[in-house]
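Residues in the sequence shown are numbered consecutively from 1, following full-length UniProt numbering. In this text, a Cβ means the ideal position worked out from N, Cα and C, and glycines have one as well.
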Amino acid sequence: CSRISIGIPSPAIVPNHRFTASSYYDIRYIPINARLRINKAWEPAKGKQSGSWLHIDLGSVVFICAVATQGSGFPPNEYVKKYKLRTSSDNINWKYYQENNVDKIFTGNTDRTTIETNTLAIPTKAKFIRFYPVAWNDYAAIRVDVYGVPLVCRKPFGLEKGGNLGNIKITSSSKADNSHDASDGRLYGNTSWCSRTSSNSEYIQIDFVKMVTLTGIATQGYHTMDKWVKTYIIKYSIDGIQWNYHREGGNSVKIFQGNSDRSSIAVRWLSHPLTVRYIKVHPQTWNTAVCMRIEVFGCKSPSAPEITKLTNRNLTASIGSYVELTCQVKEPLIQHIQWYSNGTDVTSLSGGITRDVTSVKSVLRVNYTNAIDVTRKY
Numbered sequence: 001c002s003r004i005s006i007g008i009p010s011p012a013i014v015p016n017h018r019f020t021a022s023s024y025y026d027i028r029y030i031p032i033n034a035r036l037r038i039n040k041a042w043e044p045a046k047g048k049q050s051g052s053w054l055h056i057d058l059g060s061v062v063f064i065c066a067v068a069t070q071g072s073g074f075p076p077n078e079y080v081k082k083y084k085l086r087t088s089s090d091n092i093n094w095k096y097y098q099e100n101n102v103d104k105i106f107t108g109n110t111d112r113t114t115i116e117t118n119t120l121a122i123p124t125k126a127k128f129i130r131f132y133p134v135a136w137n138d139y140a141a142i143r144v145d146v147y148g149v150p151l152v153c154r155k156p157f158g159l160e161k162g163g164n165l166g167n168i169k170i171t172s173s174s175k176a177d178n179s180h181d182a183s184d185g186r187l188y189g190n191t192s193w194c195s196r197t198s199s200n201s202e203y204i205q206i207d208f209v210k211m212v213t214l215t216g217i218a219t220q221g222y223h224t225m226d227k228w229v230k231t232y233i234i235k236y237s238i239d240g241i242q243w244n245y246h247r248e249g250g251n252s253v254k255i256f257q258g259n260s261d262r263s264s265i266a267v268r269w270l271s272h273p274l275t276v277r278y279i280k281v282h283p284q285t286w287n288t289a290v291c292m293r294i295e296v297f298g299c300k301s302p303s304a305p306e307i308t309k310l311t312n313r314n315l316t317a318s319i320g321s322y323v324e325l326t327c328q329v330k331e332p333l334i335q336h337i338q339w340y341s342n343g344t345d346v347t348s349l350s351g352g353i354t355r356d357v358t359s360v361k362s363v364l365r366v367n368y369t370n371a372i373d374v375t376r377k378y
């Protein structure tokens with residue numbers, strides 16, 4: 001884990017738009033120059049070194065096992081001698097990396113060229129990381145890399161700017177104009193999807209082509225205008241015809257908190273994975289207008305539905321007695337529940353399926369007539 005690079009040195013793996021910082025000195029020291037081993041560096045603006053930070057979106061959620069740093073890639077001899085780390089899985093709740101309940105101050109570099117690697121005693125789960133210079137030589141110049149392994153089923157599906165999900169798979173209920181189409185609603189994009197009307201019936205829809213597992217969603221507003229979605233709900237489908245609301249906390253439709261400004265990313269992780277082919281994101285409240293950019297997270301293998309009830313009963317050998325066997329599945333879009341007895345399909349003997357907002361249920365009633373009849377049918 002501590003030797004597996006997340007890929008920060010490569011723009012093909014961690015693109016430039018995922019780098020930001022509290023400030024930068026000048027064009028020579030912009031955040032994207034903080035990649036390990038390149039002949040450049042990031043530096044905060046003059047007079048703003050104290051409390052400064054370098055911010056990197058790692059793309060996926062990863063277990064961070066180690067970090068590496070260098071100083072400036074060119075003279076003078078500038079480097080960071082000590083630094084802290086802060087991490088987040090959602091870009092909203094941040095925490096300093098600690099050991100023994102104390103913020104860890106990492107020992108950095110002693111010159112500008114040597115790579116210094118620090119292993120984390122406690123691997124930390126994060127999608128976002130910030131480096132905070134604490135002490136430096138001459139100026140806080142730094143280049144970095146992060147080492148770790150991605151979490152299972154927390155990877156982006158490719159809606160992000162430059163992502164591999166085709167425009168044809170991103171549709172919407174409407175668009176404000178041709179410059180704000182559904183395909184413009186990509187996270188970090190240069191524009192945004194904006195709907196024609198400001199209504200909570202508007203939506204942006206994603207077709208994943210096949211069944212996938214959905215675990216999270218990230219949103220942004222329109223980065224050049226004060227337009228963003230404050231809250232939204234998610235609907236999902238496996239066939240594009242029958243849709244269901246994502247619910248949490250019993251039968252309540254989950255209202256997700258969106259953004260509070262035009263540019264910050266807000267990631268929301270689902271309380272339980274969803275097996276879907278399609279999703280719709282319906283804005284509920286917004287600032288000025290319905291405009292948003294999104295990415296969604298999960299994995300391409302669909303998760304198995306959770307069986308929440310499966311009864312096991314004994315049938316009394318007396319005329320008129322019966323038992324009811326129940327199979328209940330926590331996935332309201334399941335189309336079929338089939339019953340088998342010794343390899344024979346006996347679904348036709350069941351009462352079919354019934355649905356509620358969170359699950360599907362089927363009941364098979366077994367009647368006692370005589371022992372031979374019961375064993376023959378069931």
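Please state the DSSP three-state secondary structure of residue i.
i: residue 428; result: Since the first residue of the chain shown is 1 and the last is 378, residue 428 is not available in this structure.
i: A168; result: Going by the sequence as given, residue 168 is Ile instead of Ala. The answer is helix: DSSP assigns I168 an H, G or I state.
i: A266; result: strand
i: S359; result: coil
i: D184; result: helix
i: residue 380; result: The structure shown has nothing for residue 380, since the chain only spans 1 to 378.
i: H272; result: strand
i: S318; result: coil
i: G207; result: The sequence as given places Asp at residue 207; Gly does not occur at that position. In the structure shown, D207 sits in a strand (DSSP, three-state: E or B).
i: N367; result: strand
i: C153; result: coil
i: S198; result: coil
Output needed for residue i: all residues of its chain with C-beta closer than 8 Å, excluding positions within five of it in sequence on either side, in chain order.
i: P9; result: R35, L36, R37, I38 and D145
i: G51; result: S22 and Y132
Using C-beta distances below 7 Å, list every residue in its chain close to residue i, excluding the 5 sequence neighbours before and after it, in chain order.
i: residue 385; result: Residue 385 is absent from the model: the chain starts at 1 and stops at 378.
i: Y24; result: I30, P31, W42, E43, P44 and A45
i: H17; result: K161 and Y188
Excluding the 5 residues preceding and the 5 following residue i in the sequence, name in chain order all residues of the same chain whose CB lies nearer than 6 Å to its CB.
i: E324; result: V363 and R365
i: K280; result: Y203, Q205 and K235
i: T326; result: K309, T311 and V363
i: T20; result: P31 and H55
i: V102; result: none
i: V346; result: W339
Cβ atoms of residue j and residue i: under 8 Å apart, would you say?
i: D57; j: F106; result: no
i: Y222; j: R262; result: yes
i: V212; j: C299; result: yes
i: Q284; j: N370; result: no
i: F256; j: I238; result: no
i: V267; j: S60; result: no
i: V80; j: Y147; result: no
i: Q70; j: R3; result: no
i: K95; j: V134; result: no
i: V149; j: V62; result: yes
i: S64; j: A126; result: Here residue 64 is Ile; the residue named in the question, Ser, does not match the sequence. Cβ distance < 8 Å, so I64 and A126 count as in contact.
i: T119; j: T87; result: no
i: E248; j: S271; result: yes
Entirely enclosed beta strand (DSSP E) segments - the UniProt domain "F5/8 type C" (1 to 149), minimum 3 residues: Counting only runs of 3 or more, we get 19 to 21, 54 to 70, 79 to 88 and 116 to 137.
Inter-stretch contact at 8 Å, needing at least 3 Cβ pairs: the segment 290 to 298 / the segment 316 to 330: No, the segment 290 to 298 is not in contact with the segment 316 to 330.
Inside the segment 213 to 254 only - beta strand (DSSP E) runs reaching at least 3 residues: You should have 228 to 237 and 243 to 245.
Runs of alpha helix (DSSP H) lying entirely within the segment 283 to 312, each at least 4 residues, in chain order: Segments of the alpha helix (DSSP H) lying fully in the segment 283 to 312: there are none.
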